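Asker: Sequential numbering from 110 applies to the sequence shown in the numbering used here. Note that the Cβ used here is the ideal one computed from N, Cα and C, for glycine as well. Since we're looking at a predicted model, the values are computed, not measured.
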Amino acid sequence: MVYMSAIPYYPFFRKLTILRLVLFSLIALASLKAFAQNPPPPPQEFPPAPYPHENTHSEEKRILGKILFWDEQLSSDNTMSCGTCHLPSSAGGEPRFGVHPGFDSLFDTNDDIVGSPGVVRRDLNGELVDDAVFGFEAQVTGRASPSFFMGVFSPDNFWDGRALPQFIDPEDGETELIAEGGSLENQAVGPILNSVEMAHDGRTWDDVRTKLNTVIPLLLASEIPEAMQEALDATPSYPALFEAAFGDEGIDAGRIAFAIATYERSLIPDETPWDLFVAGDRGAMTANQIEGWDILRNDTVCLNCHRPPLFTDNNFHNIGLRPAVEDLGRFDVTGVNRDRGRFKTPSLRNVGLKTSLMHVGWVNDVQDALNFYVSGTQNTGHEQFTQNQSGIPNSNLTINQINIPIGDHPEIVDFLANALTDPRVANETFPFDRPTLLSELSKMNTVFVDYEYVGMENGSDSMPYTTINEALVHVAEAGVIRIAPGSLGGPLAINQAVTLECDDGTILLGAE
Ligand code: HEC
Ligand code: HEC
């Protein structure tokens, strides 16, 4: 998309003295004069999604990536997909609420983090483990789940940038699969073996491969978007989907990463009211939002880091949310002292859809974030820490000198919360559409099954039941339910570890 407007993005400093203002006007006049003689500066362009040349776009890869991203069977215990923690309608971030006890490992203290609930801890054999922190409850990540959309433009992903551009095959630890621009691929292989997010302890790529070779893709999902369903009809198994995408049926970590990253690169939230506005549609933003935009770019330093059109500089800063020692952030990657407590600037696109902001997650919305910059977050009782705070690029101010009267600027909040929201993201329409997850159904207590069912094997019990749910009531944990070959109709609600077997011996769904 091309931005035809000539609006410059130079955020001016608030504390200009009159003299500097006058000087500035003179310079501005001078440059206006120069302007008249020279051609106008090139229009700002939203960059196209960068693809590494080792992993160029293909529709087959995109669809496979989308199926993998939304398949809860990608986790060991069938409870978590990537999308569970990265929902489009939450800006690609976390809609749920989880508490991590933070640096002091104690719950209900001031350093608690709002993170993403992952899996209940399990050992190598898939048996439940009484975790020292979370017991038998779902473990929670130590940082909030960021929006994953704009990661496409980020050379280094994760809050601390530890997913680097060079992608080495995680299975042999040495083959270079991508030399440059492979941060998303690098990132994607993390959660699948991570024992908090998706895996039992000690999960290996062989475990993942064995499972994907046998399960029916998206078996647990419902309301599957048409394009995904068409791919599933044409290629109804993972080996077939991998063959369509990569030329043969082989499933490995590198290919899983290539497919997921290809899907992610197809998700560009560039149809916000602001995009339309700067492209010339003056009616795309409300008067209030235009005022917010004007204040932001003329009177604040916010955009020095949240730089349009990406609304991030893809750089790392410490804005003082907590003492650096509690989470060293970027320092853990670089070892450079000034990186203590620095985290990646998140893009502000779609930020109005988020409910756990910043890496700490306890900032609830845009107003709360603004309050934090101005005075420390009063509503959450967190102070702003100035030690190790970064300077503000192209400014002589520091974060704690940012001074916008609290609450006095509903137009800034309106602009950030609404004018940067792509309606396709908010409404989950193509390409941001997705299937419904089983975990969402169970949450709503909606369970419907119409499987042709034969009976179950659980010790001596081989009573035929008419529905899987009926059988599930009777089956012990890790029992086996056998299903006759036949049509698999609706989604399957399972909230215990069971193995489902078809009469021909294929395992449809097996908890590892
Ligand atoms: C249990 C919740 C959870 C699951 C499941 C999960 N993530 Fe994340 N994701 C997170 C959290 C938390 C972070 C931030 C971690 C950090 O930066 O240290 C993150 C970070 C990311 C980022 C980095 C975004 C950026 O801008 O830096 C991407 C991309 C991403 N996840 C994609 C995925 C993919 C792909 C999967 C599935 C293979 C996945 N996630 C599974 C919680 C989750
Ligand atoms: C020095 C660079 C810098 C400046 C200046 C800056 N920010 Fe940020 N902003 C960041 C970083 C870095 C984070 C993430 C901090 C973290 O989690 O540790 C962030 C996070 C945010 C978030 C949360 C986004 C999310 O998805 O979690 C919002 C909202 C935000 N900033 C708005 C603003 C506003 C409004 C201003 C001006 C008052 C501003 N920022 C000034 C760097 C900056």
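Using the Cβ count rule (16 or more neighbours within 10 Å means buried), how would you classify His166?
Answerer: With fewer than 16 other Cβ atoms within 10 Å, it is exposed.
Asker: Just list the residues that DSSP pairs Pro226 with in beta bridges.
Answerer: DSSP output for Pro226 lists Val249 as bridge partner(s).
Asker: Note the first and the last residue of the continuous alpha helix (DSSP H) segment covering Gly401.
Answerer: Ala396 to Asp408 is the extent of the alpha helix (DSSP H) around Gly401.
Asker: Would you kindly check if the distance between the Cβ of Ile501 and the Cβ of Leu327 is under 7 Å?
Answerer: No. Outside cutoff.
Asker: Going by DSSP in three states, Asn175 sits in which element: helix, strand or coil?
Answerer: The residue you asked about is not Asn; residue 175 is Lys in the sequence shown. Here Lys175 sits in helix by DSSP.
Asker: Taking the alpha carbon of Ser198 as the point to measure from, which residue in Leu462, Phe420, Asn503 and Asn473 has its own alpha carbon closest?
Answerer: Nearest option by C-alpha distance: Leu462.
Asker: Any idea if Glu335 is buried or exposed, counting beta-carbon neighbours within 10 angstroms, 16 or more meaning buried?
Answerer: Under this definition Glu335 is an exposed residue.
Asker: With DSSP as the reference, label Asp477 as helix, strand or coil.
Answerer: Reduced to three states, the DSSP call for Asp477 is helix.
Asker: I'd like to check one pair, Asn497 with Gly450: are the Cβ atoms closer than 7 Å?
Answerer: In this structure, Asn497 lies closer than 7 Å to Gly450 by Cβ.
Asker: How about Asn473 and Gln493: do their beta carbons lie closer than 7 Å?
Answerer: Against a cut-off of 7 Å, the Cβ pair of Gln493 and Asn473 comes out as no contact.
Asker: Taking three-plus beta-carbon pairs below 8 Å as touching, is the segment 518 to 533 in contact with the segment 384 to 399?
Answerer: The segment 518 to 533 vs the segment 384 to 399: in contact.
Asker: Could you check whether the Cβ of Phe524 sits closer than 6 Å to any heavy atom belonging to ligand 2?
Answerer: Answer for Phe524: no, Cβ out of range of ligand 2.
Asker: Determine the burial state of Val242: buried for a count of at least 16 other Cβ atoms within 10 Å of its Cβ, exposed for fewer.
Answerer: Result: exposed.
Asker: For ligand 1, is there any heavy atom lying closer than 6 Å to the beta carbon of Trp268?
Answerer: Yes, ligand 1 has a heavy atom inside 6 Å of this Cβ.
Asker: Could you check how far apart the C-beta atoms of Ser456 and Thr421 are, in whole angstroms? I think they sit under 8 Å.
Answerer: That belief holds up - the Cβ atoms of Ser456 and Thr421 are roughly 4 Å apart, short of 8 Å.
Asker: Beta carbon of Phe367, beta carbon of Ile360: below 7 Å?
Answerer: Going by C-beta atoms, Phe367 is not nearer than 7 Å to Ile360.
Asker: Where do the N-terminal and C-terminal ends of the beta strand (DSSP E) with Gly207 fall, by residue?
Answerer: Where Gly207 is concerned, the enclosing beta strand (DSSP E) stretches over Gly207 to His209.
Asker: Tell me, please, which residues DSSP counts as bridged to Gly438.
Answerer: Arg451.
Asker: In whole angstroms, give me the CA-to-CA distance for Val483 and Cys411.
Answerer: Val483 and Cys411: Cα-Cα distance of roughly 11 Å.
Asker: Which whole-angstrom value is the C-beta distance of Pro300 and Glu294, which I expect to be below 8 Å?
Answerer: 13 Å between Cβ atoms; not a contact.
Asker: Would you kindly report the start and end of the unbroken beta strand (DSSP E) that includes Ile287?
Answerer: Here the beta strand (DSSP E) through Ile287 covers Glu285 to Ile287.
Asker: Closest by CA to Phe258, which one among His195, Asp281 and Trp402?
Answerer: Comparing Cα-Cα distances from Phe258 to each of His195, Asp281 and Trp402, the minimum goes to His195.
Asker: Does the beta-carbon distance from Tyr347 to Gly174 come in below 7 Å?
Answerer: Against a cut-off of 7 Å, the Cβ pair of Gly174 and Tyr347 comes out as no contact.
Asker: Can you tell me whether Glu154 is buried or exposed? The criterion is at least 16 other CB atoms within 10 Å of its CB, across all chains shown.
Answerer: Burial call: exposed.
Asker: Just to check my reading of the structure: Pro378 and Asp531 have Cβ atoms closer than 8 Å, yes? What is that Cβ distance to the nearest angstrom?
Answerer: Right, the Cβ-Cβ distance comes to about 4 Å (below 8 Å), so this counts as a contact.
Asker: Short of 8 Å in beta carbon distance, which residues of its chain neighbour Trp268, apart from the five on each side in sequence? Order them along the chain.
Answerer: Closer than 8 Å at Cβ, skipping near neighbours: Arg252, Pro255, Gly438, Phe452, Lys453 and His468.
Asker: Suppose you measure from the CA of Ala158 to the CA of Pro418; what does that come to, to the nearest Å?
Answerer: Cα to Cα, the separation comes out at about 13 Å.
Asker: Between which residues of its own chain and Ala143 is the CB-CB distance below 8 Å, once the five residues before and five after are set aside?
Answerer: Low local confidence applies: a pLDDT of 29 at Ala143 is under 50, so the model's placement there is unreliable, and no value is given.
Asker: Output the distance between the C-alpha atoms of Arg391 and Asp523, rounded to the nearest integer angstrom.
Answerer: So the alpha carbons of these two residues sit roughly 17 Å apart.
Asker: Start and end of the alpha helix (DSSP H) containing Pro197?
Answerer: No alpha helix (DSSP H) contains Pro197, which DSSP labels as neither H nor E.
Asker: Examine ligand 1 and report whether any of its heavy atoms sits within less than 6 Å of the Cβ of Gly227.
Answerer: Because some heavy atom of ligand 1 lies under 6 Å away, the Cβ of Gly227 counts as near it: yes.
Asker: By Cβ distance, which residues of its chain are closer than 7 Å to Phe68, with the 5 residues on each side in sequence left out?
Answerer: Past the boundaries of the shown model lies residue 68; the chain is included only from 110 to 621, so the question cannot be answered.
Asker: Below 8 Å on the Cβ atoms is my contact criterion, and I expect Val460 with Ala200 to pass it. Report the Cβ-Cβ distance as a whole number of Å.
Answerer: 6 Å between Cβ atoms; contact.
Asker: Measure how close the beta-carbons of Glu285 and Ala362 come, nearest whole angstrom, since I'm counting them as under 8 Å.
Answerer: Not a contact, Cβ separation roughly 14 Å.
Asker: Suppose you measure from the CA of Glu169 to the CA of Ala340; what does that come to, to the nearest Å?
Answerer: Each residue's Cα considered, the two are about 8 Å apart.
Asker: Quick one, are the C-beta atoms of Glu400 and Glu246 less than 7 Å apart?
Answerer: No, the Cβ-Cβ distance between Glu400 and Glu246 is not below 7 Å.
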